[in-house]
Amino acid sequence: MADGNNFKNNCHLQLTSRPFGRQHLRMTEAQFLSSCPVEILLNCRDAVQRGFSDYAARYSHVADIHDNRTVASIIHCHIVEAAKSIACGPDLVFRYLAQRNLFILKNSVIIVFKKLDENLRSQNYPTRSATNFNAQEELEGIPANLPRIEVGYVPDSVGASIAGIYVVCRQGNQIDWSIDLHDDIEPRQRDLKIA
Amino acid sequence: MTTSNHANEISRLRDRLNPQMCILARDFAGMTQTDLAERLNVSQGTVSKIEEGITPASDAFISDLSRVFERPLGFFTQNPGLSLTLEGHFRKKSALPKKQLKMADARMNISRLQINRLVENCSIEFQEVPKCDPDEYPGGPKEIAAAVRQFLNIPHGPIANLVEVVETAGCIVRFLDFGTLLIDGFAVLSGTNIPIIFINKAFSPDRRRLTLAHEFGHVIMHRGRLRPNMDDEAFEFAGEFMMPAKEIKSTLYPLNLEKLARLKLRWKVSMAAILQHGKRIGAVNERYYRYIRTELSKNGFSKTEPYEDMVELEKPTSLTRILRFYKNDLGYTIDDVANLLNANHHEVSSLARPNHDRFTIV
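If you're matching them up, the sequences are chains A and B in order.
The opening position of the first sequence corresponds to residue 1 in the working numbering, with each subsequent residue numbered one higher.
The opening position of the second sequence corresponds to residue 1 in the working numbering, with each subsequent residue numbered one higher.
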């Protein structure tokens with residue numbers, strides 16, 4: 001299992017200042033792209049697409065009694081299973097820590113799959129655990145010095161198809177950077193218009 | 001056929017040319033008399049007089065008709081013994097131009113004549129479709145829909161294959177290229193009183209399902225009769241037949257676009273039709289109905305809805321079964337069937353494989 005020391009030793013990340021004088025690791029987009037093979041990104045994108053389409057294909061007989069939260073939860077489970085089967089390998093390892101499905105990239109980055117809104121923000125109940133996770137704070141079994149990256153999908157206005165798939169790096173409630181994965185050819189920088 | 005035989009055949013047929021069939025072929029092709037006159041290199045007056053039965057057609061005229069319309073000579077001389085003015089039930093837009101209506105009418109008429117010939121010459125038995133008078137049911141079309149579901153032993157929940165249900169009930173379903181998007185469907189009786197339901201193949205599977213249920217409602221409630229508000233009754237029947245109120249009503253609250261899309265996923269009926277049904281059964285009030293309609297329109301769902309590819313295209317099988325009977329039991333070749341129906345090979349193939357030819361808009 002990956003531990004904090006390994007991460008610290010293996011990654012080459014910038015140290016930035018945070019409020020109250022603490023320091024934490026901040027991963028830039030360039031650092032992420034250089035450490036993450038394109039194949040893994042594309043496999044993550046495929047996992048998202050497969051997990052999403054699984055819902056309509058397999059749950060149509062009960063779709064009328066599901067609410068948005070249930071649908072998102074089911075899709076998340078299917079994305080995780082798809083990612084475990086098509087994206088995991090020596091460079092990407094699945095771990096279940098602190099009741100979260102985490103994918104560890106080269107012992108240096110944590111990837112989680114999320115549903116995003118049109119501003120690329122994931123929606124969470126603001127529990128302490130969720131808040132700390134998004135703020136890149138330490139959680140049980142998850143060291144604080146692991147940068148956390150979200151691979152997420154933006155559904156269309158009725159949740160019937162995917163409008164976009166992105167890699168997003170958050171700092172609390174702010175989006176630090178994002179990469180559009182929905183392009184069929186290559187991942188590319190998204191022209192963000194976020195306040 | 002040799003040249004001399006062909007000439008003899010034309011001579012033999014000349015006096016029996018049925019002008020109505022000439023008009024039908026012309027309407028089918030979407031041609032005016034002027035268009036046809038140009039193609040035949042004759043005056044419009046000549047075409048007009050022949051179509052009116054004032055002057056007989058020449059040998060060359062009949063032969064050219066056969067060539068221009070790519071139909072066998074027998075097509076133009078047949079006397080179907082049926083009214084060629086369709087008297088049935090359309091689900092159509094009121095803005096349908098006369099020319100397009102004539103073309104669609106001709107396409108359905110020719111298809112009906114062919115189906116009629118197929119059915120009256122084979123020994124396959126058809127179920128008698130239930131007939132219910134809305135005046136005899138206190139609950140009206142809604143009660144009739146529930147009774148028909150029970151009669152046909154349809155289990156709770158969505159109807160998985162509506163085409164199969166309607167064909168099992170005794171109808172023939174035909175997906176047809178109407179050449180226009182302004183007609184959804186049409187129900188008519190064959191010469192042997194078997195209901196034939198034509199559905200416009202240009203539309204998505206979910207829309208075809210509602211149209212089929214609507215036309216099935218006409219067949220059950222309005223066969224051989226005219227009533228005020230027939231279309232409203234047919235829609236009420238269709239809604240209840242596809243989505244029984246006691247099963248869907250509780251899931252219509254709270255309702256938003258996302259929920260509507262998931263309801264479509266479940267019931268295999270368009271979001272617009274579910275919303276309409278919700279209003280009809282009192283689950284959605286008028287104001288909220290209008291709000292959701294606006295939202296559907298704003299999101300571009302008036303033309304193409306989400307989950308279009310999740311509603312499977314259902315395939316009619318009655319005609320395929322009948323043609324198989326001709327081939328396997330009676331030893332007919334395609335040529336034999338084409339001769340029997342006065343049809344060309346393409347039309348015979350289209351009857352046998354209803355989903356294989358494409359839709360065209362004129």
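Cβ atoms here follow ideal geometry from the backbone N, Cα and C, with glycine treated the same way.
Computed from a predicted structure; not experimentally measured.
Assigned secondary structure, residue 189 of chain B (DSSP; H/G/I helix, E/B strand, else coil) = The three-state reading of DSSP puts residue 189 of chain B in strand, counting E and B together.
Where residue 171 of chain A falls: helix, strand or coil (DSSP) = In the three-state DSSP reduction, residue 171 of chain A falls in the strand class (E or B).
Bridge partners of residue 115 of chain A, per DSSP?
-> Its beta-bridge partners are A:153.
Within the chosen definition, does the region 227–241 of chain B reach the region 136–156 of chain B through at least 3 CB pairs nearer than 8 angstroms?
-> Yes, since at least three Cβ pairs between the region 227–241 of chain B and the region 136–156 of chain B fall closer than 8 angstroms, the two stretches touch.
Interface flag, residue 261 of chain B vs chain A, CB-CB below 9 angstroms | Chain A contact via Cβ: present.
For the region 151–177 of chain A, which residues have a beta carbon sitting closer than 9 angstroms to at least one beta carbon of chain C?
-> The structure shown has no chain C; the protein chains it does contain are A and B.
Does any residue of chain B bring its CB to less than 9 angstroms from the CB of residue 47 of chain A?
-> No, residue 47 of chain A does not count as interfacial toward chain B.
Can you tell me the Cβ-Cβ gap for residue 352 of chain B and residue 319 of chain B, rounded? I've got them flagged as a contact below 8 angstroms.
-> Indeed, because the Cβ distance is near 7 angstroms, the residues count as touching under 8 angstroms.
Please confirm if residue 208 of chain A has its CB atom under 9 angstroms from at least one CB of chain B.
-> A query on residue 208 of chain A cannot be resolved here, the shown segment of chain A reaching from 1 to 195 and no further.
Check whether residue 117 of chain B and residue 340 of chain B have beta carbons under 9 angstroms apart | Yes, they are a contact pair.
Can you list the alpha helix (DSSP H) stretches of 4 or more residues lying completely in the region 312–340 of chain B, in chain order?
-> Restricting attention to alpha helix (DSSP H) runs no shorter than 4 residues, the region 312–340 of chain B encloses them at 318–324, ordered along the chain.
By DSSP, does residue 176 of chain A sit in helix, in strand, or in coil?
-> Residue 176 of chain A falls in the strand class under three-state DSSP.
From residue 200 of chain B to residue 98 of chain B, what distance separates their C-alpha atoms?
-> Between residue 200 of chain B and residue 98 of chain B, the C-alpha separation is close to 18 angstroms.
Proximity below 9 angstroms, CB of residue 106 of chain B to CB of residue 28 of chain B = For residue 106 of chain B and residue 28 of chain B, yes; Cβs fall inside 9 angstroms.
Between B:55, B:345, B:296 and B:120, which lies nearest to residue 158 of chain A when the distance is taken from Cα to Cα?
-> Residue 158 of chain A has its Cα closest to that of B:296, out of B:55, B:345, B:296 and B:120.
Start-to-end residues for the beta strand (DSSP E) that takes in residue 39 of chain B | Where residue 39 of chain B is concerned, there is no enclosing beta strand (DSSP E), although the alpha helix (DSSP H) it sits in stretches over 33–40.
Between the C-alpha atoms of residue 8 of chain A and residue 93 of chain A, what's the straight-line distance to the nearest angstrom?
-> Residue placement at residue 8 of chain A is flagged as unreliable, the pLDDT there being 39, under the threshold of 50; the coordinate-derived value follows with that caveat. A straight line joining the alpha-carbon of residue 8 of chain A with that of residue 93 of chain A spans about 17 angstroms.
Taking only beta-carbon positions, decide if residue 109 of chain B is within less than 9 angstroms of chain A.
-> Answer no: the Cβ-Cβ gap between residue 109 of chain B and chain A never drops below 9 angstroms.
How is residue 93 of chain A classed by DSSP in three states: helix, strand or coil?
-> Of the three classes helix, strand and coil, the one that applies to residue 93 of chain A here is strand, per DSSP.
CA-to-CA distance, residue 136 of chain A to residue 145 of chain A, given in whole angstroms = In this model, residue 145 of chain A and residue 136 of chain A are separated by some 8 angstroms (Cα to Cα).
Pairing CB atoms from the region 246–261 of chain B with CB atoms from the region 279–299 of chain B, are three or more of them under 8 angstroms?
-> In short, these stretches touch, since the Cβ pair count reaches three.
Which of the three DSSP states, helix, strand or coil, is assigned to residue 108 of chain A?
-> Note: residue 108 of chain A maps to coil in three-state DSSP.
Sequence-distant residues of the same chain with beta carbon closer than 7 angstroms to residue 298 of chain B, five excluded per side | Closer than 7 angstroms at the Cβ level, and outside the excluded window around residue 298 of chain B, lies no residue.
Assigned secondary structure, residue 195 of chain B (DSSP; H/G/I helix, E/B strand, else coil) | Strand.
Check distances from the C-beta atoms of the region 305–331 of chain B to those of chain A and list, in chain order, the residues that come in under 7 angstroms.
-> Against chain A - using a Cβ distance shorter than 7 angstroms - the residues of the region 305–331 of chain B are 306, 307 and 310.
Mind checking the region 265–297 of chain B against chain A and listing, in chain order, the residues whose C-beta falls within less than 9 angstroms of any C-beta there?
-> Cβ contacts with chain A: 265, 266, 267, 268, 271 and 295.
Starting from residue 152 of chain B, follow the alpha helix (DSSP H) in both directions and report where the run begins and ends.
-> Counting along the chain, no alpha helix (DSSP H) covers residue 152 of chain B, and no H or E run does either.
Using a cut-off of 9 angstroms between C-beta atoms, extract the partners of residue 255 of chain B located in chain A.
-> Below the 9 angstroms Cβ cutoff, chain A contributes no neighbours of residue 255 of chain B, its closest Cβ being approximately 11 angstroms away.
Please report how far the alpha carbon of residue 16 of chain B lies from the alpha carbon of residue 53 of chain B, in whole angstroms.
-> Computed Cα separation, rounded: 11 angstroms.
Below-9 angstroms beta-carbon distance, residue 74 of chain A vs any chain B residue | False, the Cβ-Cβ gap to chain B never drops below 9 angstroms.
Where DSSP assigns a beta bridge to residue 173 of chain B, which residues make up the other side?
-> Residue pairing by DSSP puts residue 173 of chain B in a beta bridge opposite B:197.
Pull up the CB-CB distance for residue 182 of chain B and residue 96 of chain B, whole angstroms please, since I reckon it's below 8 angstroms.
-> Yes, they are in contact, since the Cβ atoms of residue 182 of chain B and residue 96 of chain B sit about 4 angstroms apart, within 8 angstroms.
Beta-carbon proximity check, residue 50 of chain B vs residue 19 of chain B, cutoff 9 angstroms = Residue 19 of chain B sits close to residue 50 of chain B, with the two beta carbons spaced by under 9 angstroms.
Would you kindly work out how many angstroms separate the C-alpha atoms of residue 334 of chain B and residue 175 of chain B, rounded to a whole number?
-> Going by the C-alpha atoms only, they are around 21 angstroms apart.
Inter-residue CB distance, residue 81 of chain A and residue 114 of chain A (contact presumed, cutoff 8 angstroms) | About 16 angstroms separates the CB atoms of residue 81 of chain A and residue 114 of chain A; that is not less than 8 angstroms, and the two are not in contact.
Would you check whether the ligand HEM has a heavy atom nearer than 8 angstroms to the C-beta of residue 47 of chain B?
-> Among the ligands in the structure shown, none appear at all, so the ligand HEM cannot be discussed.
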